Structures are given as structure tokens and as C-alpha cells.
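Structure record follows, encoded as C-alpha cells.
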């Protein structure tokens, strides 16, 4: 295979074309630097034709899970939620608990199938140790990230109203508002709000009032001011043609996960399309296998990658890309895997250690009145009130996501309800239709996402006995859900029961009847949980080299021309979805890199220059 | 004279509770007829169609003579004459050991756009066809599933209702004339109703 990229010199080589890699590539190319992006998976989602094929794949898939439109290449395998039960697949789960989340290795990354929730972390989330005596503090405070949150909201294109979001100590600068107006609340949200707004629950003696609240979403709505929504991307990788269609508003496809058919929801391909294409080279189907380090200087001197032509085959050729600065933006798990496979770190390294997620419970029920389930974005509102409070000294915080997708995620509805009506209840004809019309629109679903604290025992490691078809290591996952989190689960499940009672919703929560989920126990109570796809903590950031892998600019302490970026840098994750926070961090990192590259000198006295 | 596809659609209307015109409007009738033929041992679908035929059509045996098995059953024809054809079809077909499971699979096919494999006991008794395995018939079939219409909703990822439509109450159950007639069902307004933001404030 001809490999022009191998003979070219770049300022920056980035592994990963997800949200982190795309944001950094966009800003560095516009600053005049030449950037190479290596993406392990296929680049097919970057053209309209390719994207349409993914959509058809989803329509025809028997199981419509998060991964259904995005089949992996043989060379770049990925975890699949269906694997958790079978024990097969890409991850090697060494227990004791199952890690419930998945991600996608493709150009665009997991933003191809994210829900789009863009909550900022709370000020208190950055100071968990100082304020509550648990977990860790970040080396950054909310105020440090605030300007980057604002920029990230404009990069992603977030629809929300500041008036809804200024709570729990979150502050916005005077005159700031989100680039687009909030997405209308679903009818279901409105019905629920009518019955539960203002009800109080008690956590650890603290009385907290609940409210159904619109959350910020990376979906196109009605723009504010001069903001121009970004639409579907149609790129020709070989030529430099790039069309971004006018940003179509969310049409309520009810399939944000696993695929937005009209690209009204943000995906990282939109950001990559906004890079200076004259300075950018994107190589899809290029699996980064190793970071090469000069043993004398400790600086990275190349990134080895495996290029494959056929996604159905592991046949590949090996190449090396060189630049002045290197960025691993491949995913929290993949970043750790690449560093470990490169032999970096050593015995006391924190690389891979501290893996977190938001283990989440489902609660589902039958509303006394139709709420119009199975319509609209998958979710438009949540209950955010239990994300903060003094109870965090005792157990995990949590947030409720209110679904608009009926029982799809929990039991496999509406199909499961139809099958039940036909085969178990023996209905047919107009009686069947009337039964479904009377019940399906009343389906209600909550996801209760629970915070998890960092523990070094929860880790990504590699083992030469477990490799993929390319000979690259498969991630070995050690994972345990501790009492702090199961305490949050117990509280969340109790609040869900109280909310159902208040709203007159018949509680149908029965994990045995639904899909299969892994379980944890607490005091005899069994909690079935699923992952939220919120990986974090595998290359933690900190103030000092011995206590962290990267500094506050996500720059490796050991290899000063290497940046390791993404939610792997998070010391804690609070209860917010990580994408917005990692986008803010990526923008802060891009700003720092621009200054460092322009200066062509070490950032601090006494450090070797390699830029 | 009624051809095979007409008989298939007429029986499907009795089984699903959706009017024939609605079923024809999905554009899936011929695809489903083919998918059903492919997933059943030879002759079973014709047996089912014969059992579901009304007296006038049944006695005239359009589309070929009724199979011996079907003739021996108290089909819809025997029960007709003032009886609700839907209830009659249910009694004649759904309670039948051979045809009942096939009819239920046909209902699920229309509602879900996916074929559901018949039970193992059924295979042992009546034979198995290679395509009798769980499968989504096609991308189009998934989108045409009646379950979404029954819910006043739309298939996830398709036939979306438009920006902000989700803020309005769901469509009330639309009344249709008795299945088997040709009542015209107007589609829901495709455009989104005006959204009144702040309706809850």
C-alpha cells in the first residue's frame, strides 16, 4: 500500500477521530499547523452515502442496540453490550463485576451513537474530597473550565436555555446563552412535571424538592442570534470537497442512540469537517499499535500504525507517522491500551488504573394517562436535583433521565409488548390493536445513572494471552462497584418508587422480565445495572507526576511531547455525561498546544525541548 | 375472482385489526406473502388462506381448491352468517394446533416487520422450512411495522413526526370501520403542530 502519510512531516499526529481528536485537529489546523489524524475504524460515516448505509444497517438489524448501525472492522474490534452476557467479545472481563459500557471505533467515534446530553459538571463535582471527604479533587476548578464550557457548547451546538441550567452553583457569564434554544419538553415530561414538580424526597436526612428539568442537548433546534447550526457532513476523503448541509432541526426520530438519521444531533465528523482541509490529513482504517519513545530524551519520536484496506480482513501493512507533537485521543480504554502495549509506564504507573462509569438502573412503569411514548428525541428532560447535596459524604449522587422511548431499552418494547399481547394474552384483530393503543402510549422509563468513585483496583490492563486478529492486545477489565455506588443505587431506586407513586404510575420494573443486565448486591437487595458508555479515569490528570499520568493540559508527565486526552483524564465524573467536559478540556489543550508549538520551546525551564 | 394476494390481505386485516387499505398502504403485502411462503412448508399458507375465506369466496374456491385439511375444519365459512368475521377467524384459526401458531406469526410479521420462528413442537409436527428463523424481513419492513401506528408513534429512526411534535399529546386512537372493509384512514398531519414553549411555566 502506498503510504504518503509516512513520508510527510506533520506538526501534530493525532490518534483517534472522535470528539477530542476532531476538536484538536480543527483548532490546530486553523492555527496553521499540519495535522495527521489516524483513525482505527472505517471512515464511512463521513459521507452521506456511507451514513445512509449505516442507517439501513440499523433498520434491518434484529437487535437495535447502540452498536447495531456501526459494525466493527476485523482490525478494530469494539465492545458490544451483547457481549456482557455471553462473556465473549472484545473486552476480557476479569470481574468481580461486569463493566457494562461499550464504545465505537469508527471515524466520529462514540458521538455517532451518543444521546447528546451536554450537562456541565457541577462546581462541587470538582471538589469532592474537599467538600465531602470522599473521592478526589480535580486539579482544576469549575471556574478554570467555565470559559471552555461555553466554547464547547458552541462547538457542539448545544440547545438549552441558561434560565433552566443555572442551578447547583453552576454560573454563566453575564449575557451568555446557549447557541440554540432549548429542545421542547416532551408531552411525557409535561405530564410528569404536572404531578411531581415540588414533591420532596429525603436523602440522609436532607429534604430535597424534585423538578422535571430540560437538559442541554447537542441537537439542532432554533438558533440564537447569528449562530448557524451545522448539518449533515458529506466528505470525499480523496478530494478536498466537503459539504456540510444546512443544519436541519431535530425531527424527533427517537433514535439518537444508535443513529440520528438526519445528523441533527452532533457527531465529531461535523467538527472534523470544519478543520482547514489544506492542513489536515485524515487516514481511516489506520490502527495505532505503538507509541515509540526515544530512550535518551524520553520524547515520543513516532507512532506506529497498521493500515488495512478491507474491513472484513486483518491483512495490513505497518507504518510510522512522525510529528513534533503527538496526541492520543483514541478513547479512555484505547489510550491506556496503546500506552501499555508500548511498554510505557512501568510498575508503579497509574496508566489504566481508576476506570469509572455511571452504572445505571432502569425503572419503568405504566402511566395512568397516555404520555405519547415512542416519540421525540430519546430523552428531553431529567430530574437533576439529586446530583448535589450533603448526602454525597455517605453515598453516590445520581440523576434521572426521563425516556421518550417507552420500554424500548428496558424490555425491548414495543415489540415485546406486541409479542406478549399476541402469544400470551391471545389477542388478535381490533381487540389487539385497541389493547396496544391503550397501553403503548402510557409506557414510562427512567434511567438512574449513579456516580462512581475512582479506585485503582478498577483497571484496564493487557495480557499477551489475549490479543485481537491484528495481534494487538484486547483490554482486560477489572471492575468492582463499591458500597458508595450501591448506596446511591439504593437511594435512586427508592426515589424512583416514590416518584411513580406520586404520579400514579404502575411500577412495572422487573429486571427478570426485561433484557439481561449484570447485577450487584447490597444488603440482600439485587440491583441490575447497565453502563452509560461513560468511560473515564484511565490516565488521570493531576498536579504532580507521581500521582497522575497527565497534567492539567492533558500533557504526559513522562513524555513531554505527548498529550493523552479525553475522559480518561477525569479524576471524578460527578453525574454529568462526560462529552461536554472532555470537549472543554480538549479546547483548553488545543489552546495550550497552539502556544507551545508556536513558541517552539519548552513550556517550563529545564524541560527538554522536542517541539 | 379473488387472487391469492387479496385473500392474504383480507385474512391479515382480520388478524391485525387494520383495514385492508391500510395494509396495502404499507407496500409490504407482496413482500410478506413471499416471506411467509418461504418460511412455511409447502401448502401451509394456502391452508391458512382457505380456512380464513368467507363463505362466498370459500365455496367457490378461488385460487384453487381448498386443501383437504382445511375443508375438514369448521372454517370461517361454516361460522359466517351474521357472526363477526374477526371473532369467527379467531375461533377457526387461532385455536387450531397447526394454523394458530402460523396466524400468530403472521400478526407479529405485520406488527413488527420481522418473522418470528415457529415453535419447535410445531416443526416436529408439521415440518420446517429453511427460512423459518427469527429475522427482520427488510429495512422497509421494519419501518412499516403496524406497532408504531397502533401506538400513535413512528418507527425509531424513520417516519418522524417533525420538530416539536413530541411536545403535543399523542394522537387519539383513530377509529376505523370494521376490518375487511375499505375505510379510508387519513394519515396524520406530517407537519409539527405549533410548539408553545414554556407551556409548563
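Residue numbers (the working numbering), protein chains in the order written: chain F, 1 to 611; chain R, 612 to 812.
Where a beta carbon is used, it is the ideal one built from N, C-alpha and C, also for glycine.
All of these numbers come straight from a predicted model, not from anything done at the bench.
Can you give me the C-alpha to C-alpha distance between residue i and residue j, rounded to a whole angstrom?
{"i": "residue 757/R", "j": "residue 661/R", "result": "24 Å"}
{"i": "residue 697/R", "j": "residue 630/R", "result": "12 Å"}
{"i": "residue 356/F", "j": "residue 510/F", "result": "26 Å"}
{"i": "residue 627/R", "j": "residue 138/F", "result": "58 Å"}
{"i": "residue 682/R", "j": "residue 700/R", "result": "The predicted model places residue 682/R with a pLDDT of 41, which falls under 50 and marks its position as unreliable; any figure quoted below should be read in that light. For residue 682/R and residue 700/R, the distance between alpha carbons rounds to 15 Å."}
{"i": "residue 363/F", "j": "residue 572/F", "result": "25 Å"}
{"i": "residue 71/F", "j": "residue 234/F", "result": "20 Å"}
{"i": "residue 672/R", "j": "residue 721/R", "result": "In this prediction, residue 672/R has a pLDDT of 39, which is less than 50 and means its spatial position is unreliable; what the coordinates show is noted afterwards. Their Cα atoms are separated by approximately 26 Å."}
{"i": "residue 718/R", "j": "residue 478/F", "result": "46 Å"}
{"i": "residue 647/R", "j": "residue 656/R", "result": "7 Å"}
{"i": "residue 706/R", "j": "residue 412/F", "result": "27 Å"}
{"i": "residue 490/F", "j": "residue 483/F", "result": "10 Å"}
{"i": "residue 475/F", "j": "residue 435/F", "result": "47 Å"}
{"i": "residue 502/F", "j": "residue 127/F", "result": "34 Å"}
{"i": "residue 178/F", "j": "residue 739/R", "result": "59 Å"}
{"i": "residue 617/R", "j": "residue 777/R", "result": "37 Å"}
{"i": "residue 169/F", "j": "residue 389/F", "result": "11 Å"}
{"i": "residue 596/F", "j": "residue 766/R", "result": "50 Å"}
{"i": "residue 15/F", "j": "residue 292/F", "result": "13 Å"}
{"i": "residue 688/R", "j": "residue 771/R", "result": "Note that residue 688/R has pLDDT 47, beneath the 50 cutoff, so the model's placement of it is unreliable and no number is given."}
{"i": "residue 642/R", "j": "residue 704/R", "result": "23 Å"}
{"i": "residue 599/F", "j": "residue 520/F", "result": "52 Å"}
{"i": "residue 732/R", "j": "residue 712/R", "result": "11 Å"}
{"i": "residue 659/R", "j": "residue 113/F", "result": "43 Å"}
{"i": "residue 186/F", "j": "residue 779/R", "result": "7 Å"}
If the criterion is Cβ atoms closer than 7 Å, does the pair residue i and residue j meet it?
{"i": "residue 287/F", "j": "residue 17/F", "result": "no"}
{"i": "residue 12/F", "j": "residue 23/F", "result": "no"}
{"i": "residue 311/F", "j": "residue 529/F", "result": "no"}
{"i": "residue 405/F", "j": "residue 257/F", "result": "no"}
{"i": "residue 748/R", "j": "residue 728/R", "result": "no"}
{"i": "residue 507/F", "j": "residue 447/F", "result": "no"}
{"i": "residue 725/R", "j": "residue 437/F", "result": "no"}
{"i": "residue 259/F", "j": "residue 58/F", "result": "yes"}
{"i": "residue 102/F", "j": "residue 79/F", "result": "yes"}
{"i": "residue 569/F", "j": "residue 578/F", "result": "no"}
With a CB to CB cut of under 7 Å and the five nearest residues on each side skipped, what residues in its chain are close to residue i?
{"i": "residue 809/R", "result": "Confidence in residue 809/R is poor, its pLDDT being 35 and thus under 50, which makes the residue's placement too unreliable to answer from."}
{"i": "residue 345/F", "result": "339, 351"}
{"i": "residue 48/F", "result": "232, 234"}
I'd like the list of long-range same chain contacts for residue i, defined as Cβ closer than 6 Å, with 5 residues on each side in sequence excluded.
{"i": "residue 282/F", "result": "37"}
{"i": "residue 487/F", "result": "395"}
{"i": "residue 576/F", "result": "119, 121"}
For residue i, report the span of its alpha helix (DSSP H) as first-last.
{"i": "residue 591/F", "result": "578–599"}
{"i": "residue 131/F", "result": "128–132"}
{"i": "residue 364/F", "result": "Per DSSP, residue 364/F belongs to no alpha helix (DSSP H); it is in the beta strand (DSSP E), 360–366."}
{"i": "residue 641/R", "result": "640–650"}
{"i": "residue 19/F", "result": "19–30"}
{"i": "residue 490/F", "result": "483–503"}
{"i": "residue 697/R", "result": "696–700"}
{"i": "residue 337/F", "result": "332–341"}
{"i": "residue 144/F", "result": "142–156"}
What does residue i touch in chain F if you count any residue whose Cβ is under 7 Å from its own?
{"i": "residue 619/R", "result": "Those do not exist, as residue 619/R stays about 16 Å from chain F at its closest Cβ, beyond 7 Å."}
{"i": "residue 749/R", "result": "60"}
I'd like the span of the beta strand (DSSP E) that includes residue i, first residue to last.
{"i": "residue 36/F", "result": "35–38"}
{"i": "residue 194/F", "result": "It is not in any beta strand (DSSP E) - residue 194/F instead sits in the alpha helix (DSSP H) that spans 187–196."}
{"i": "residue 306/F", "result": "300–307"}
{"i": "residue 382/F", "result": "379–383"}
{"i": "residue 400/F", "result": "398–403"}
{"i": "residue 95/F", "result": "92–96"}
Suppose the cutoff is 8 Å on Cβ atoms and the five residues either side in sequence are ignored; what does the same chain contact list for residue i look like?
{"i": "residue 454/F", "result": "135, 136, 354, 356, 537, 540, 571, 572"}
{"i": "residue 130/F", "result": "137"}
{"i": "residue 469/F", "result": "74, 75, 77, 314"}
{"i": "residue 166/F", "result": "172"}
Starting from the beta carbon of residue i, find every residue of chain R whose beta carbon is closer than 8 Å, and list them in chain order.
{"i": "residue 372/F", "result": "763, 764, 777, 779, 780, 781"}
{"i": "residue 187/F", "result": "777, 778, 779, 780, 781"}
Please compile the residues from chain R whose C-beta is within a distance smaller than 9 Å of the C-beta of residue i.
{"i": "residue 112/F", "result": "Those do not exist, as residue 112/F stays about 13 Å from chain R at its closest Cβ, beyond 9 Å."}
{"i": "residue 259/F", "result": "768"}
Please compile the residues from chain F whose C-beta is within a distance smaller than 9 Å of the C-beta of residue i.
{"i": "residue 697/R", "result": "428, 429, 430, 431"}
What residues from chain F crowd round residue i, counting only those whose CB sits closer than 8 Å?
{"i": "residue 767/R", "result": "64, 253, 254, 255, 374, 405, 408"}
What residues from chain R crowd round residue i, counting only those whose CB sits closer than 7 Å?
{"i": "residue 423/F", "result": "715"}
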